[in-house]
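Some notes on the structure that comes next.
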Amino acid sequence: MKHTTPLSWLVSLLLFLLSQVTAADTSTLILTDSQDTVSSAPFMAVLEDPSRQLSLQQVASAAFDAQFIAHTVQSAPSFGRSRSAYWVRFNLINQSSLKWYALSDAFLEDEYDFYLLSEGQDVTAQYAAPVTDYRRPAWSLALPHAMPLQIYVRATNGDSAFRLPVELVTADAMLERSKQNYRLYAAIYGAMLALAAYNLFLFFALREPSYLSLVAHILAMATVAHLSNPVFEGIKFLHDTGSHFFITPLYLANISACLFTQQLLQTKQHTPLHHWLLSGIILTCLPLIVVTGWIPRGTLIANSMALIATLAMFSTSIAALRTGNRIARYFFGIFFLVLFLVAPSGLVLTFNVTHWDVQAFYVTAMPLGHLIFLLLLSVIQMEKVRLLRETMQRTAAANQAKSSFLATINHELRTPLNAITSLGTLLRLTTLTPKQEEYVTQLEQTSQHMSRLMGNVLDIAKIESNSLELQQEPFQLSIVMRQVHDLTNNQAQKKGLSLAFIGHDAIPETLLGDRLRLTQILTNLLQNALRYTVEGSVTCTVQCHATAEPRQLRLSFSVRDTGIGIAAEKLSTIFDEFTQAKPTSNLSQDGIGLGLAISSRLVTCLGGKLAVESTVGQGSHFFFTLPFYIAHTEASAAHQPLCQLPQGIRILLVDDEFMNRLLGYELLSAQGGKVEVAADGQSALLYLQQHPFDVVLLDINLPDISGFDVLQWIRQHSPTPNIPVIALTAHTSAEVKQQCLAAGMNGFLHKPSDWQRLCQIILKVINREDAG
1337 MKHTTPLSWL VSLLLFLLSQ VTAADTSTLI LTDSQDTVSS APFMAVLEDP SRQLSLQQVA
1397 SAAFDAQFIA HTVQSAPSFG RSRSAYWVRF NLINQSSLKW YALSDAFLED EYDFYLLSEG
1457 QDVTAQYAAP VTDYRRPAWS LALPHAMPLQ IYVRATNGDS AFRLPVELVT ADAMLERSKQ
1517 NYRLYAAIYG AMLALAAYNL FLFFALREPS YLSLVAHILA MATVAHLSNP VFEGIKFLHD
1577 TGSHFFITPL YLANISACLF TQQLLQTKQH TPLHHWLLSG IILTCLPLIV VTGWIPRGTL
1637 IANSMALIAT LAMFSTSIAA LRTGNRIARY FFGIFFLVLF LVAPSGLVLT FNVTHWDVQA
1697 FYVTAMPLGH LIFLLLLSVI QMEKVRLLRE TMQRTAAANQ AKSSFLATIN HELRTPLNAI
1757 TSLGTLLRLT TLTPKQEEYV TQLEQTSQHM SRLMGNVLDI AKIESNSLEL QQEPFQLSIV
1817 MRQVHDLTNN QAQKKGLSLA FIGHDAIPET LLGDRLRLTQ ILTNLLQNAL RYTVEGSVTC
1877 TVQCHATAEP RQLRLSFSVR DTGIGIAAEK LSTIFDEFTQ AKPTSNLSQD GIGLGLAISS
1937 RLVTCLGGKL AVESTVGQGS HFFFTLPFYI AHTEASAAHQ PLCQLPQGIR ILLVDDEFMN
1997 RLLGYELLSA QGGKVEVAAD GQSALLYLQQ HPFDVVLLDI NLPDISGFDV LQWIRQHSPT
2057 PNIPVIALTA HTSAEVKQQC LAAGMNGFLH KPSDWQRLCQ IILKVINRED AG
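Per our numbering, residue 1337 is the first one in the sequence shown, and the count goes up by one each step.
Right, dumping it as structure tokens:
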């Protein structure tokens, strides 16, 4: 049996009485081995220091003792938004054998000081050491056993939501909490950064601006979350709540979210009112970034703007949803979820921040909520891109179908048109009466007009599908203007109008450019001017302008008339397809409204811009400027003399259309050729085996075997494999021409063909010149 001395018994009695007193005293926190985490909240007393100037010696003196207000509730004290310094104190007795830490999971602390006092003496350095590498204010404690201590904590928080928890945790609990927090937040921020990198990659790959806005929003949201849950040591400078730009990440998050919403939902086109609402929020946030730091309770402004932006984006999603926007459906669902989960806490944070449970809601749940929200936005963005890709594919398929349809129609129309043109040429070769010559002239003009209409329709399709090819060939402007004059002068004479061409003779250089397109533009503009001019004149003027490059010049073309003019409200649509600005019904109604549209687009393709000035009753003025290079050659095919086929040239004409064979035979025979005709590929092969020919005119679309198969047989099995072969086709696309030349054709000519052009190509191929 163990014996006790009177002295030891007395010490035990005193300790027992002390423990009973302290146990009854609710202002003293007692640490025991049965606990691992103890909140000091019920034991605290709080003192506000609006001046932020009080020292430890002052607040620990008897003079300030009565100014401390007891805080006896279980939750940590919350001070709302205040720029005051706050002191809390509580009594502590350590009866535990465990290692303890003091920890404050404070939200956005600005300054935080921790003091230990024993009998009025500052013993902090003796019993507490700050943990500098921890994400929250923390101190490692080496507390004496059973010694009454007083703990003082001073904290400031700018004017953000201010909550001041102080807990005592064991080493094991501190380690476990640290590991859990670091793992959670490091995973969240790592996922955010990976999400931002992925969307940045998609931006560079797809050049879709909404991806860049989403990247900016992800980074801003990650920074906002990191302010309250820091993990990365390198960006501690962002956590200074006293900084002038401390709240900037939240404004950047608002701005980027509004931009992303505008781009994702295409608000400018579909919901213009909400587009301006979001733009207003963006323009409001930009100056607030600069001035908020000077405004008391500035974080209230930032939080209010975040709430307004969220409501605005939610309203925008509803408006976009009503327009049938499929993406808006998903966007609405996300923001409905956000409002359902976040809005109640946001309202409390904005209007009654002292009741906002930071620890339970924001500090733990919000970063994970941010990640889920951003992930859902990325999914919506990917869905938008998928829908856009499907729309583009459908549009491409529709364009392809339209192009195929137009090519087929073009082929079918050009076949009879070729017969009409050839008949007119044959009639010219006979003896005609004056009346018959007039009929032939009208026939030629009508066929030319029809050919231009078909060309205009095809040009529109080519421009829309980016398949229009421009030619670079030498030509003289004076000859082009002469051709334009010949094409339009008859129309001017019939109406008794004066048609003048000015300035082109002053440009003697041979130019390099697309002669045919320039001719088409000027002809369209002049015919349009003549159509809408009742009396007076139409004038085409050319002016030359030098450029910095020695062999380049710019030509300004102007077509001015004294016609009826165009109303101001029609000027904005005058270059649209199938649009005609005819105010009266007594004017000529020919044309389908494509001339100006084609001219405008061709001018753009050639490097200029077609513009118009007009006044009703005083006429119109169309003008544009194009760049040209000065060609080295001095001649062009445009002004070569009329050609004549060699007498007795042996020609094989292969075409499945009877009229094309008949008229081709007549035209070529009239020029002295010895012509054989074949209606299909097999007949052509028989002729080639039985007779020698100087040239073959070969239609590529034949009923039995294609023209390409006939060409292949000629090159591999014909007695004269090097015989020149010219492709004849009603197809006018550059792809068909390239296909023919690549297959080994010596020349290419589309129907309806100009007789002189056919003659020139025949002469070139029999002379082994390039006739492509």
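Note that CB positions come from ideal geometry on N, CA and C, so glycine has one too. Every value quoted in this text rests on a predicted model; they were computed, and no experiment measured them.
Next item on the list: Using 10 angstroms around the beta-carbon of G1953, count the other beta-carbons present and answer buried if the total reaches 16, otherwise exposed.
Entry: exposed
Note to self: For Q2025, count the other beta carbons within 10 Å of its own beta carbon; 16 or more makes it buried, fewer makes it exposed. Which is it?
What the structure shows: exposed
Checklist line | Inter-residue Cα distance where the pair is T1940 and S1950 | finding: 21 Å
Next item on the list: State the CB to CB distance for the pair I1617 and A1589, rounded to an integer number of angstroms; the pair is presumed to be in contact (CB under 8 Å).
Entry: That belief does not hold up - the Cβ atoms of I1617 and A1589 are roughly 12 Å apart, past 8 Å.
Checklist line | Beta-carbon contacts of T1460 that lie in its chain and below 6 Å, excluding the five residues immediately before and after | finding: Y1451, L1452
Notebook entry, point to check: Where does T1855 fall in DSSP's three states?
Noted result: helix
Check: The alpha helix (DSSP H) spanning H1610 covers which residue range?
Finding: 1608-1627
Check: Among A1947, A1884, L1601, which residue has its Cα nearest to the Cα of A1655?
Finding: L1601
Check: When you compare each of I1857, L1998, C1876, I1987 to A1933 by their alpha carbons, which one comes out closest?
Finding: I1857
Notebook entry, point to check: Got a sec, what are the start and stop residues for the alpha helix (DSSP H) K2010 sits in?
Noted result: Taken as a continuous stretch (DSSP letters only), K2010 belongs to no alpha helix (DSSP H), being part of the beta strand (DSSP E) at 2010-2014.
Next item on the list: Could you tell me if L1479 is buried or exposed, where buried requires 16 or more neighbouring beta carbons within 10 angstroms of its beta carbon?
Entry: buried
Checklist line | Opening and closing residue of the alpha helix (DSSP H) in which W1630 lies | finding: Where W1630 is concerned, there is no enclosing alpha helix (DSSP H), given that its DSSP letter is neither H nor E.
Checklist line | Given L1286 as reference, the closest of K1738, E1774, S1476, T1659 once Cα atoms are compared | finding: The displayed coordinates of the chain run from 1337 to 2108. Any statement about residue 1286 would go beyond what the structure contains.
Checklist line | Local Cβ density within 10 Å of Y1518, reported as buried at 16 or more and exposed below that | finding: exposed
Item checked: Exposed unless 16 or more other CB atoms sit within 10 angstroms - verdict on R1665 -> exposed
Next item on the list: May I ask whether a heavy atom of the ligand FAD can be found less than 8 Å away from the beta carbon of A1507?
Entry: Inclusion of the ligand FAD in the displayed structure is not the case, the ligand content being empty and no account of it being possible.
Next item on the list: Compute the Euclidean distance between the alpha carbons of G1943 and S1936, then round it to the nearest angstrom.
Entry: 11 Å
Next item on the list: Measure the Cβ-Cβ separation of Q2074 and I1966 and say whether it is below 9 Å.
Entry: no
Item checked: Assigned secondary structure, A1509 (DSSP; H/G/I helix, E/B strand, else coil) -> helix
Checklist line | Proximity to T1607 [Cα-Cα], best of N1639, P1632, S1651 | finding: S1651
Note to self: Does Q2000 come out as helix, strand or coil in the three-state DSSP assignment?
What the structure shows: The sequence shown places Gly at residue 2000, not Gln. Looking at G2000 - three-state DSSP - the assignment turns out to be helix.
Item checked: Minimum C-alpha distance to V1395 - residue among R1490, F1958, E2012 -> R1490
Margin query: My output table needs one value for D1369: the three-state DSSP class, helix, strand or coil.
Written below: coil
Item checked: Cα-Cα separation between V2046 and H2027, rounded to whole angstroms -> 16 Å
Notebook entry, point to check: With a cut-off of 8 Å, do at least 3 Cβ pairs link the segment 1981-1995 to the segment 2093-2102?
Noted result: yes
Check: Closest to L1586 by CA distance: which of D1841, E1905, S1375, H1553 is it?
Finding: H1553
Checklist line | CA-to-CA distance, M1380 to F1709, given in whole angstroms | finding: 38 Å
Note to self: Please return the same chain residues whose Cβ sits closer than 7 Å to the Cβ of G2080, not counting the five positions on each side in sequence.
What the structure shows: L2047, R2051
Margin query: Here's the rule: buried if 16 or more other CB atoms are within 10 angstroms of the residue's CB, otherwise exposed. What is W1630?
Written below: exposed
Next item on the list: Return yes when the Cβ of L2003 is within less than 9 Å of the Cβ of S1758, no when it is not.
Entry: yes
Notebook entry, point to check: If we call anything under 9 Å between Cβ atoms a contact, is R1472 one with V1567?
Noted result: no
Margin query: Taking only three categories from DSSP, how would you classify P1545?
Written below: helix
Item checked: Opposing strand residues paired with V1878 [DSSP bridges] -> F1893
Check: When DSSP labels each residue in this structure, what does S1908 get in the three-state scheme?
Finding: helix
Margin query: Mapping the DSSP letters down to three states, classify H2110 as helix, strand or coil.
Written below: With the chain covering only 1337 through 2108, there is no way to say anything about residue 2110.
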